[in-house]
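Novice:
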Amino acid sequence: MTVQEYNRSVDEHADALYRYIVAQLRHPEDARDLVQNAFEVLWRKREEVNAEKARPYLFTVAYRDMIDHIRKQKRITLVEEMAEDGRSTHIPYTGAREALEKALGTLPEVQKTVVLLRDYEGYDYREIGNITGLSEAQVKVYIFRARKALQERIGNVQNLI
Amino acid sequence: MDINRENYESWFLDYIEGSLTAGQISQVHHFVSENPDLQKEFSEWKQTLLKPDLTVVFHDKESLKRRRRILPIGWVQGLGAVAAVGLLILMALPLVRQSASDTPVAPVAEATTPDTATQSMPLSDPVSGEGLSSPGQPQVAFQAKPQHNTATQPTQLPLAQQNSPEKIQKQAPDSRGAQKPGATVHPGSPQPATNASLAQSPRLATGSSNTMSTPDPVQTRSAQSLDGAATADGLLAQANERPASQEASASTALVPGFFRNKINDRLPMDIGSLLTATQTVTQNATRSLAGFMSGESEWLAVVPRISEPEAQRNTESMEEARVFRFSVGGFKVYHRKTPKTDS
Chain A
0 MTVQEYNRSV DEHADALYRY IVAQLRHPED ARDLVQNAFE VLWRKREEVN
50 AEKARPYLFT VAYRDMIDHI RKQKRITLVE EMAEDGRSTH IPYTGAREAL
100 EKALGTLPEV QKTVVLLRDY EGYDYREIGN ITGLSEAQVK VYIFRARKAL
150 QERIGNVQNL I
Chain B
0 MDINRENYES WFLDYIEGSL TAGQISQVHH FVSENPDLQK EFSEWKQTLL
50 KPDLTVVFHD KESLKRRRRI LPIGWVQGLG AVAAVGLLIL MALPLVRQSA
100 SDTPVAPVAE ATTPDTATQS MPLSDPVSGE GLSSPGQPQV AFQAKPQHNT
150 ATQPTQLPLA QQNSPEKIQK QAPDSRGAQK PGATVHPGSP QPATNASLAQ
200 SPRLATGSSN TMSTPDPVQT RSAQSLDGAA TADGLLAQAN ERPASQEASA
250 STALVPGFFR NKINDRLPMD IGSLLTATQT VTQNATRSLA GFMSGESEWL
300 AVVPRISEPE AQRNTESMEE ARVFRFSVGG FKVYHRKTPK TDS
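Quick mapping for you: the protein sequence lines, in order, are chains A and B. Going by numbering that gives the first Met the number 0, 151 is the number at position 152 of the first sequence; the sequence numbering is gapless. Going by numbering that gives the first Met the number 0, 24 is the number at position 25 of the second sequence; the sequence numbering is gapless.
Structure follows, in C-alpha cells:
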C-alpha cells in the first residue's frame, strides 16, 4: 500500500469505521481513539496490506482493540446517551430507531459486532468470521440470536406503545 | 424443507438476510398470509435490520493522513543544478589556479628588480673596488644600491654598462637558482635568504663567478638563520616545491579564510576522484528521478543527515522498506521502490 492508497483509505473507510465503533461502544471519544489506532496500525503494516484489503483489515484491528478496550474499561452494554462531541455529528435516536439502538446496546458484544458488520458493512458470514475469528456457522448463529433479541425488544416496545 | 410454524424463524432470518430465492420469498409471503398471528412478528423481524446513520462522520481525517515527503521536481532539478555547478567548479579549478598564479606577478617583479640591480652592484662597488673580478656582494643590493652611486666610480660605469646586459642574462638563471620562470614569490617569503644561500653555493657561485666574493658575515648569518640547511639540492627542492604552494595560495586568494584553509588542507586534490564521486551522485539522482517520474519509485525524500533518525522514525523502518538512499552534501536522499501488490 502506497502513501496515496493509505490516504485514500482514510477518506473511504474512516467514517464507516467510526460509525461501527460508535454503534458498538456508544462513546464517540473512545471510538475516535480506536479509529486513530486502527489507522496507525494500518500505516505501520502498509507494506503487508493491499489497498483492497484495507477496509476489512481496519475493521479487524478495530474489533480486536474494541474488545480489549471493553475489557479494560469494563464497560457494560448499557444504553447510554451519547455525549455530543464536537468532532462527530450525531442525531439522537427517536421512536422505533431509538428502540432498536437501545435494543442493540443490550446485546452481547459478539452479537452486536456480527450484526453491525452485517448490516452496516454488508459483509457476508465468511468475511465477518475473518474479522471476528469466528466460523461461518458461528456467525450465522450469533446473527440469528441478535436479530431474535432485537425482534423481541422491538415487539416489547411496540406493545408498550 | 418448506416453511412451517416450527422453522419459520430461520426462514424469516434468511428472508431479511436476503439469502432466499425468489420462489422462497414467495413461499414466505404465502406462509405469512396464511398465518396472520405471525404477521406482526414478521414485521418486527424486518425491523431488526440496522441502517447506519450517515450523519455520524469522522471529521478529523486529516489527522489520520500521512504527508508524503515528495521531493519536488524543482528540487530534483535543483540538485542536478548543484551537481552540475560543482562539476563545473571542479573542472574550472585548474584554470582558476592558472589565472590566479598570474595575479601575484607584481610581487615577483618587485622581488626580481632588486636582484637585477643587485647583480650590477659589484661593478660599482666602492668597497671592494674590484669591479667584475671582485666576487661582489650581490645580495646586499637593497642597502647598497643607494650607496653605490655610479658617480663614485665613473670609470667602471661603461664597463658596467657594457657587461650589464650579459651579466643579467647570464646571472638571471643563476641568481634565481632553479626557480621556475614566472613562479610566484610572496613578498614575505624568504627570497633574500635564498639569494644569499645561492651566494654560498659553490656550484651556483661558479655560474656567477664574476660577481662572487667573500660572503658578507652579516648576510651569511642572515641567510643561515633563515635557512640553516640551505644546500644546492635543498634549494632546488625548495624551488621545486614552491610552485605548488604558490598555486594553492593563489587559487584560493579570493576564497574566505575558513574555506581557504580547508581547501589548502586538501590541495593538491585528486580531481579525478572528485569527478568520479560527483558523477556517481549525479547518476544516482538521475536514476531516482527517473524512477520517480516513471512511477516505479514511491517517493523521494531529502532530509538533513542530522535529522536522519527522526526521518527513519517517521517513515517506519526505512531499511525494511527497501529504501534506497544516498548522500548529497549535507543531505540524504531517500528513494523507495514502489512495492508490488499481490494480484
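Note that CB positions come from ideal geometry on N, CA and C, so glycine has one too. Computed from a predicted structure; not experimentally measured.
#1: Does chain B have any CB closer than 7 Å to the CB of ASN6 of chain A?
#2: Could you list the residues in the region 20-32 of chain A with a C-beta less than 9 Å from some C-beta on chain B, going in chain order?
#3: Determine the direct distance from the alpha carbon of PHE30 of chain B to that of TRP10 of chain B, and round the result to whole angstroms.
#4: Which of helix, strand or coil does DSSP assign to PRO55 of chain A?
#5: Taking only beta-carbon atoms, is PRO35 of chain B less than 7 Å away from chain A?
#6: Could you tell me whether the Cβ atoms of TYR19 of chain A and ILE130 of chain A are closer together than 7 Å?
#7: For a contact meaning CB atoms closer than 7 Å, what does ALA13 of chain A contact in chain B?
#8: Measuring straight from C-alpha to C-alpha, what distance separates VAL34 of chain A and ALA91 of chain B?
#9: Give the secondary structure of LEU87 of chain B by DSSP, where H, G and I count as helix, E and B as strand, and everything else as coil.
#10: In chain order, what residues of the same chain have a beta carbon less than 7 Å from the beta carbon of GLU4 of chain A, not counting five sequence neighbours either side?
#11: Compute the beta-carbon to beta-carbon distance between ARG125 of chain A and ILE142 of chain A, rounded to the nearest angstrom, for a pair I have assumed lies under 8 Å.
#12: Could you confirm whether any beta carbon from chain A is found closer than 7 Å to the beta carbon of THR47 of chain B?
#13: Is the Cβ of TRP369 of chain B closer than 7 Å to any Cβ of chain A?
#14: Assign ALA204 of chain B to one of three DSSP states: helix, strand, or coil.
#15: Looking at the structure shown, is GLU108 of chain A part of a helix, part of a strand, or coil, going by DSSP?
#16: Contact criterion: CB-CB distance below 7 Å. Does ILE69 of chain A meet it with respect to chain B?
#17: Taking the alpha-carbon positions, what's the VAL27 of chain B to GLU33 of chain B distance?
#18: Since LEU149 of chain A and THR47 of chain B are thought to touch, with beta carbons under 8 Å apart, how far apart are those beta carbons, to the nearest angstrom?
#19: Return helix, strand or coil for SER119 of chain B, following the three-state DSSP convention.
#20: Is it true that the CB of TYR17 of chain A sits closer than 7 Å to the CB of PHE57 of chain B?
#21: Using C-beta distances below 6 Å, list every residue in its chain close to GLU315 of chain B, excluding the 5 sequence neighbours before and after it, in chain order.
#22: My output table needs one value for LEU103 of chain A: the three-state DSSP class, helix, strand or coil.
#23: I'd like to know whether the C-beta of GLU43 of chain B is nearer than 7 Å to at least one C-beta of chain A.
#24: Are the beta-carbon atoms belonging to LEU57 of chain A and LEU41 of chain A less than 7 Å from one another?
#25: Would you kindly check if the distance between the Cβ of VAL113 of chain A and the Cβ of VAL138 of chain A is under 7 Å?
#26: Whole angstroms is fine: what's the gap from GLY17 of chain B's alpha carbon to ARG66 of chain B's?
#27: Under a three-way DSSP split, which group does GLY121 of chain A fall into?
#28: Can you pull the chain A neighbours of GLU5 of chain B, defined as C-beta to C-beta under 9 Å?
#29: List, in order along the chain, the chain B residues whose C-beta lies closer than 8 Å to that of GLY154 of chain A?
#30: Does ASP13 of chain B have its Cβ less than 7 Å from a Cβ in chain A?
Specialist: Taking the geometry as given:
#1: yes
#2: Near chain B, meaning a CB-to-CB distance below 9 Å, the residues of the region 20-32 of chain A are VAL21, ALA22, PRO27, ALA30, ARG31.
#3: 10 Å
#4: Three-state DSSP puts PRO55 of chain A in a helix.
#5: Contact with chain A is absent for PRO35 of chain B, since none of that chain's Cβ atoms lies less than 7 Å from the residue's Cβ.
#6: no
#7: PHE57, LYS60, LEU63
#8: 59 Å
#9: helix
#10: ALA50
#11: No, ARG125 of chain A and ILE142 of chain A are not in contact; Cβ-Cβ is about 13 Å, not under 8 Å.
#12: By this cut-off, THR47 of chain B is an interface position.
#13: Here chain B comprises residues numbered 0 to 342, so residue 369 of chain B is not present and cannot be evaluated.
#14: With a pLDDT of only 40 at ALA204 of chain B, under the threshold of 50, the placement of this residue in the model should not be trusted; the figure read from the coordinates follows. The answer is helix: DSSP assigns ALA204 of chain B an H, G or I state.
#15: helix
#16: For ILE69 of chain A, the answer is no, since every Cβ of chain B falls outside 7 Å of its Cβ.
#17: 10 Å
#18: 4 Å
#19: With a pLDDT of only 40 at SER119 of chain B, under 50, the local geometry of the prediction cannot be trusted, and no value is derived from it.
#20: yes
#21: The predicted model places GLU315 of chain B with a pLDDT of 47, which falls under 50 and marks its position as unreliable, so this point remains unresolved.
#22: helix
#23: True, the Cβ-Cβ gap to chain A drops below 7 Å.
#24: Cβ atoms of LEU57 of chain A and LEU41 of chain A: closer than 7 Å.
#25: yes
#26: 42 Å
#27: coil
#28: Residues of chain A passing the Cβ test: none, with the nearest at roughly 15 Å.
#29: LYS39, GLU40, GLU43
#30: By this cut-off, ASP13 of chain B is not an interface position.
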